[in-house]
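**Q** Submitted below is the structure of interest, expressed as structure tokens.
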Amino acid sequence: MTSIDTAGLKRTFDEIAVAIEADKDRLCQLDGVIGDADHGIAMALGFGAVRDALALLDVAATEPTALLNTAAKSFLNAVGASSGPLYATAFLRGAAAVKGKVTLAGTDFIALFQAMAQGIQDRGKAEIGEKTMVDAWLPAAQAAAAAHAAGKTLSESLAAALEAAERGAEATKDMIAAKGRSSRLGERSLGHMDPGAASAVTVIGAMRKSLG
Amino acid sequence: MQTKKIINDGNRTVDEMLEGILAAHPRHLKSTEGSPRSIIARDGPRQGKVGLVIGGGSGHEPTFLGFVGKGLADAAAIGNVFASPPPDPILECAKAASGGAGVLFMYGNYAGDVMNFDMAAEMAAMDGIEVRTVLTTDDVASAPRDQRQKRRGVAGNFFIFKAAGAACDRMLPFDECERIARKANDHTFTMGVALSPCSLPQTRRPNFEIGPDEMEIGMGIHGEPGIARGKLKTADEITDEMLDKILDEMAPVRGDKVAVLVNSLGSTPLMELYIMNRRVKHRLDDLGVSVHATWVGNYCTSLEMAGASVTLMHLDGELQTMLDHPCDCAMFRVG
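Structure follows, in structure tokens:
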């Protein structure tokens with residue numbers, strides 16, 4: 099039976115920070131093709147700030163909700179941009195979804211994961227097919243929930259989420275951007291992966307690695 | 007190969023720039039206690055006046071903070087390079103600008119800015135400050151005419167902020183300030199052309215590729231691709247291409263008045279801007295349209311990008327009064 103405590107969540111954020119830092123240049127290059135080339139910088143800055151803020155917490159005396167709220171605030175204030183409000187809202191919604199829990203069972207983490215994806219969609223008001231991070235996050239949340247409902251372990255559910263996110267990010271190559279800076283490109287955005295969807299895969303991949 | 011820049015640390019450029027700006031302009035600008043990215047006019051906010059808060063990413067100097075001062079914006083929230091500021095510094099600006107008569111948020115129409123400024127507006131409402139938002143959408147290249155609300159805000163910000171700031175400074179009611187701000191936006195049209203890319207201080211890599219003999223018409227101020235790429239043309243041909251599109255939308259008639267802004271995207275020199283302005287004047291003369299005022303120089307840049315933009319504001323009596331209204335900012339003065 100999976101049980102994730104605050105220290106476990108902190109390790110997950112540390113894992114994401116390492117993965118995003120390693121991926122920074124690729125994300126900037128993807129963004130340079132259809133945007134303004136700063137997505138990798140913003141994501142690395144945001145998760146770096148989260149790592150630093152969480153390092154100051156006394157995890158033994160902190161509930162998961164408080165840790166996620168700290169993550170939201172530190173990410174937002176370091177970044178601004180588009181990814182700031184989107185990921186901050188994801189963490190805040192995730193925090194609300196596990197309010198009152200001291201440790202998270204598999205079911206709780208799936209609820210947290212779904213709340214994150216929903217928060218990103220609500221804040222950015224994007225739908226599937228508009229070439230945004232929603233194209234990775236939403237199928238990932240659905241796949242995780244479906245796998246969990248079918249009796250899979252958390253590790254298996256997150257593996258299913260990662261696969262769905264990868265497929266979703268790949269599919270953004272065939273989409274014409276409808277939201278964000280690249281939406282002004284029209285058909286010239288075709289053939290290029292959305293950098294927000296690409297970084298979502300990296301984030302979800304790090305979550306799976308850390309909790310799998 | 008990395009681009010050459012005069013910097014110390016790619017991650018500290020914005021904060022070090024702000025330190026230098028505050029050192030240069032102590033008579034005009036200050037930052038708020040505990041919020042160094044909130045830049046406030048020393049002689050702007052006052053009781054009963056509608057507050058004007060502008061802001062956005064860094065890298066466009068003198069936009070935004072150069073237009074903070076009496077008669078123009080009361081405060082500017084400063085983001086990382088090409089990235090919207092987060093809600094907290096925007097909220098601090100709103101508090102500093104508030105004189106109890108409402109606060110206008112004005113900024114370019116970009117998804118990130120909209121999310122962060124909207125979050126700040128919600129937070130300001132909880133503090134009892136009424137905020138209304140007017141997005142600038144002057145870049146005619148960024149969406150078709152029937153989708154004006156989707157367009158980006160670029161160099162025309164300068165005219166639009168100027169008109170709105172004057173309305174606020176004249177102590178007009180909130181509704182009037184908002185109406186004039188929207189009207190100023192509706193009357194302002196910009197087209198840009200890029201010749202070479204810029205590079206972010208953190209990456210020091212060119213943010214797009216363009217051939218040595220190419221230009222891109224309609225490129226955005228963050229290097230967003232424009233509407234057409236082709237061989238570099240002459241100043242008159244480039245200016246004509248930009249003006250054709252602007253004038254087609256603005257549809258001025260003989261006897262109308264405009265204000266002109268010929269703006270460098272960073273590294274294009276004044277010489278070339280004035281050559282473009284010469285053509286602008288000829289074209290307007292031919293149409294019988296008179297030029298009420300002209301500004302030429304660096305007003306909304308894109309780091310070291312080479313290229314320029316032309317903005318026309320279609321004037322009526324009211325907008326002319328607002329442009330002529332005195333203002334005293336760190337990097338811009340009228341009257």
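Chains L and D are the protein sequences, given in the same order. The first sequence runs 99 to 310 under this note's numbering. The second sequence runs 7 to 341 under this note's numbering. Just so it is clear, CB atoms sit at the ideal spot from N, CA and C, and this is done for glycine as well.
What does Gly229 (chain D) touch in chain L if you count any residue whose Cβ is under 9 Å from its own?
**A** Here the neighbours are Gly130, Gly133, Asp134, Ala135.
**Q** Under the three-state reduction of DSSP, which class applies to Gly63 (chain D): helix, strand or coil?
**A** Looking at Gly63 (chain D) - three-state DSSP - the assignment turns out to be strand.
**Q** Just grab the DSSP bridge partners of Arg339 (chain D) for me.
**A** D:Asp334, per the DSSP bridge assignment.
**Q** Anything in the stretch 168-188 of chain L with a Cβ closer than 7 Å to a Cβ of chain D? List those residues in chain order, please.
**A** Answer in chain order: Leu174, Asn175, Val177, Gly178, Ala179, Ser180, Gly182, Pro183.
**Q** Would Leu283 (chain L) count as contacting chain D if we go by Cβ distances under 7 Å?
**A** With 7 Å as the cut-off, Leu283 (chain L) counts as an interface residue toward chain D.
**Q** When you compare only the Cα positions, how much space is there between Leu178 (chain D) and Asn163 (chain D)?
**A** Computed Cα separation, rounded: 21 Å.
**Q** If you measure beta-carbon to beta-carbon, which residues of the stretch 196-214 of chain D are closer than 7 Å to chain L?
**A** Flagged, chain order: Leu206, Gln208, Thr209, Asn213, Phe214.
**Q** By the three-class DSSP mapping on this structure, what secondary structure does Pro212 (chain D) have?
**A** Pro212 (chain D): strand per DSSP, three-state reduction.
**Q** Is the Cβ-Cβ distance between Trp235 (chain L) and Ala140 (chain L) less than 7 Å?
**A** It is not a contact, given that the beta carbons lie outside the stated cut-off.
**Q** In the stretch 10-38 of chain D, which residues sit with their C-beta less than 7 Å from some C-beta in chain L, listed in chain order?
**A** Listed in sequence order: no entries.
**Q** For the beta strand (DSSP E) that Ser296 (chain D) lies in, which residues bound it at each end?
**A** Looking at the DSSP string, the run of the beta strand (DSSP E) that includes Ser296 (chain D) is 296-303.
**Q** Mind checking whether Ala172 (chain D) and His331 (chain D) have CB atoms under 7 Å apart?
**A** In contact: Ala172 (chain D) and His331 (chain D) (Cβ atoms closer than 7 Å).
**Q** Return the residue from the list D:Arg157, D:Leu35, D:Ile216 that minimises the CA-CA distance to Ser280 (chain L).
**A** Of the listed residues, the one whose Cα sits closest to Ser280 (chain L) is D:Arg157.
**Q** Check whether chain L comes within 7 Å of Gly65 (chain D), counting only Cβ atoms and requiring the distance to be less than that.
**A** Closer than 7 Å: no.
**Q** Apart from the five residues on each side of it in sequence, which residues of its chain come closer than 7 Å, Cβ to Cβ, to Gly222 (chain L)?
**A** These residues qualify, in order along the chain: Leu184, Thr230, Val232, Lys277.
**Q** Ile223 (chain D): which of D:Ala314, D:Glu98, D:Val59 sits nearest, CA to CA?
**A** Selected option, being the one with the closest Cα: D:Ala314.
**Q** For Met221 (chain D), report the span of its beta strand (DSSP E) as first-last.
**A** Element bounds for Met221 (chain D): 220-223.
**Q** How about Arg124 (chain L): is its C-beta nearer than 7 Å to some C-beta of chain D?
**A** Judged by the 7 Å Cβ criterion, Arg124 (chain L) is not in contact with chain D.
**Q** Would you kindly report the start and end of the unbroken beta strand (DSSP E) that includes Asn269 (chain D)?
**A** Asn269 (chain D) -> beta strand (DSSP E) spans 263-270.
**Q** Return the chain-ordered list of same chain residues with a C-beta closer than 6 Å to the C-beta of Asp262 (chain D), the five sequence neighbours on each side being excluded.
**A** Correct list, in chain order: Val295.
**Q** Taking the continuous beta strand (DSSP E) assigned at Asn86 (chain D), which residues delimit it?
**A** 81-87 is the extent of the beta strand (DSSP E) around Asn86 (chain D).
**Q** Assign Ser101 (chain L) to buried or exposed, taking buried as 16 or more other Cβ atoms, counted over all protein chains shown, within 10 Å of its Cβ.
**A** Exposed.
**Q** Is the beta carbon of Val109 (chain D) closer than 7 Å to that of Val137 (chain D)?
**A** Yes, Cβ-Cβ distance for Val137 (chain D) and Val109 (chain D) is below 7 Å.
**Q** Under 6 Å Cβ to Cβ from Leu201 (chain D), same chain only, skipping five residues before and after it: list those, please.
**A** Hits under 6 Å: Met221, Ala312, Gly313.
**Q** Starting from Val199 (chain D), follow its DSSP beta bridges and name the residues at the other end.
**A** BP columns for Val199 (chain D) point to D:Ile223, D:Ala314.
**Q** Comparing the C-beta of Met121 (chain D) with each C-beta of chain L, is any distance below 7 Å?
**A** Yes, its Cβ sits closer than 7 Å to a Cβ of chain L.
**Q** So with Cβ pairs under 7 Å, would you call Ala89 (chain D) a contact of chain L?
**A** It does: the Cβ of Ala89 (chain D) has a partner Cβ on chain L nearer than 7 Å.
**Q** Please list, in chain order, the chain L residues whose beta carbon lies closer than 7 Å to that of Asp94 (chain D).
**A** Here the neighbours are Asn175.
**Q** If you compare alpha carbons, which of D:Ala103, D:Leu253, D:Ile227 is closest to Ala81 (chain D)?
**A** It is D:Ala103 whose Cα lies nearest to the Cα of Ala81 (chain D).
**Q** For a contact defined as C-beta to C-beta under 9 Å, what are the partners of Arg279 (chain L) on chain D?
**A** Under the 9 Å cutoff, chain D gives Tyr116, Ala117, Gly118, Arg158, Gly226, His228, Glu230.
**Q** Determine, for Ile226 (chain L), whether the minimum Cβ-Cβ distance to residues of chain D falls below 7 Å.
**A** So no, Ile226 (chain L) is outside the interface.
**Q** Take Phe338 (chain D) as the anchor and find which of D:Glu39, D:Ile13, D:Phe70, D:Leu309 has the nearest alpha-carbon.
**A** When only C-alpha atoms are compared, the closest one is D:Phe70.
**Q** Is the CB of Gly217 (chain D) under 7 Å away from at least one CB in chain L?
**A** For Gly217 (chain D), the answer is no, since every Cβ of chain L falls outside 7 Å of its Cβ.
**Q** Taking Arg185 (chain D) as the reference, give the member of D:Met248, D:Leu325, D:Leu318, D:Leu24 with the closest Cα.
**A** Among D:Met248, D:Leu325, D:Leu318, D:Leu24, the Cα nearest to that of Arg185 (chain D) is on D:Leu325.
**Q** Helix, strand or coil, according to DSSP, for Phe428 (chain D) in the structure here?
**A** Because chain D is modelled from 7 through 341, residue 428 (chain D) falls outside the range shown and cannot be assessed.
**Q** Quick one: which residues of the stretch 138-149 of chain L get their C-beta closer than 7 Å to a C-beta of chain D? List them in chain order.
**A** Cβ contacts with chain D come from Ile139, Ala140.
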